[in-house]
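Trainee: In full-length UniProt numbering, the protein residues as written are 1 to 135. Ideal Cβ positions, reconstructed from N, Cα and C, are used throughout, including at glycine. No experiment lies behind these values; they were computed from the predicted model shown. Let me give you the structure first, and then I'll get to my questions.
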Amino acid sequence: RSLAIDFICIMAKYPEYGWVSSFCYVALFFTCFKCLAVASGIGIQCFLFGVIAGAKRARIFNKAFFEREFPDVHPSDRNVRVIAFRVHTETHVLQSGLPDMGNGKYSEKLSLEEWHELNCAARASSAAAEVVYLP
1 RSLAIDFICI MAKYPEYGWV SSFCYVALFF TCFKCLAVAS GIGIQCFLFG
51 VIAGAKRARI FNKAFFEREF PDVHPSDRNV RVIAFRVHTE THVLQSGLPD
101 MGNGKYSEKL SLEEWHELNC AARASSAAAE VVYLP
């Protein structure tokens, strides 16, 4: 443990010294600044990779793709949404292509270039999300 954290633990026992406790919070912030900076960077990276993957998915699985490849929707393809504890069923395929992550029935209809681009974006997003949980 660092000297600043020991000082904060000791001063926490004496709350009547308000200025000391505010000084302790400042000392704790500067002690943990590197940890906060790294955690913020990892969070921003994870968010941006998710946005990039979502944009690629929206560009590849657009409305024209579904109208071209799935002109007649089978009734078993249902999108079930729960809104305010009521279940609404709609007979259309998901316009975002989810939960297909590159090896499902929607990706079978993609060209090789589109499939490769979608899989690279999904893999980068998944790798960024896995980094968040590393100790």
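In three-state DSSP terms, what is C120?
Mentor: The residue you call residue 120 lines up with position 120 of the sequence shown. If DSSP states are grouped into helix, strand and coil, C120 belongs with the helices.
Trainee: Within 10 angstroms of the Cβ of I44, are there 16 or more other Cβ atoms? Answer buried if so, exposed if not.
Mentor: In the sequence shown, the residue the question calls residue 44 occupies position 44. Classification for I44: exposed.
Trainee: Within the chosen definition, does the stretch 56–75 reach the stretch 32–43 through at least 3 CB pairs nearer than 8 Å?
Mentor: At 8 Å Cβ cutoff, the stretches do not touch.
Trainee: Enumerate in chain order the residues of its own chain whose CB-to-CB distance from D100 is below 6 Å, with the five nearest sequence positions on each side excluded.
Mentor: Here residue 100 corresponds to residue number 100 of the sequence shown, with the count starting at 1. Cβ neighbours of D100 beyond the five flanking positions: Y106 and S107.
Trainee: What residues in its chain sit with their C-beta under 8 Å from that of A124, if we drop five residues either side in the sequence?
Mentor: Indexing the sequence shown from 1 puts residue 124 at position 124. Excluding residues within five positions, the ones whose Cβ falls inside 8 Å are F49, I52 and A53.
Trainee: For A58 and L118, what's the separation of their Cα atoms in angstroms?
Mentor: Position 58 of the sequence shown, counted from the first residue, corresponds to residue 58. Position 118 of the sequence shown, counted from the first residue, corresponds to residue 118. Near 10 Å, if we compare the C-alpha coordinates of L118 and A58.
Trainee: When you compare each of V132, F61 and F33 to L98 by their alpha carbons, which one comes out closest?
Mentor: Residue mapping note: residue 98 aligns to position 98 of the sequence shown, counting from 1. Selected option, being the one with the closest Cα: F61.
Trainee: Could you pull out every residue in the same chain whose Cβ sits closer than 7 Å to the Cβ of A122, ignoring the five residues on either side in sequence?
Mentor: Along the sequence shown, read from residue 1 onward, the residue named residue 122 stands at position 122. Closer than 7 Å at the Cβ level, and outside the excluded window around A122, lie A53, M101 and G102.
Trainee: How big is the Cα-Cα spacing for E114 and S126?
Mentor: For the purposes of this step, residue 114 is taken as the residue at position 114 of the sequence shown. For the purposes of this step, residue 126 is taken as the residue at position 126 of the sequence shown. The alpha-carbon atoms of E114 and S126 are separated by roughly 18 Å.
Trainee: For V131, which residues in the same chain have their Cβ closer than 8 Å to its Cβ, ignoring the five residues on either side in sequence?
Mentor: Position 131 of the sequence shown holds residue 131. Closer than 8 Å at Cβ, skipping near neighbours: I42, Q45 and C46.
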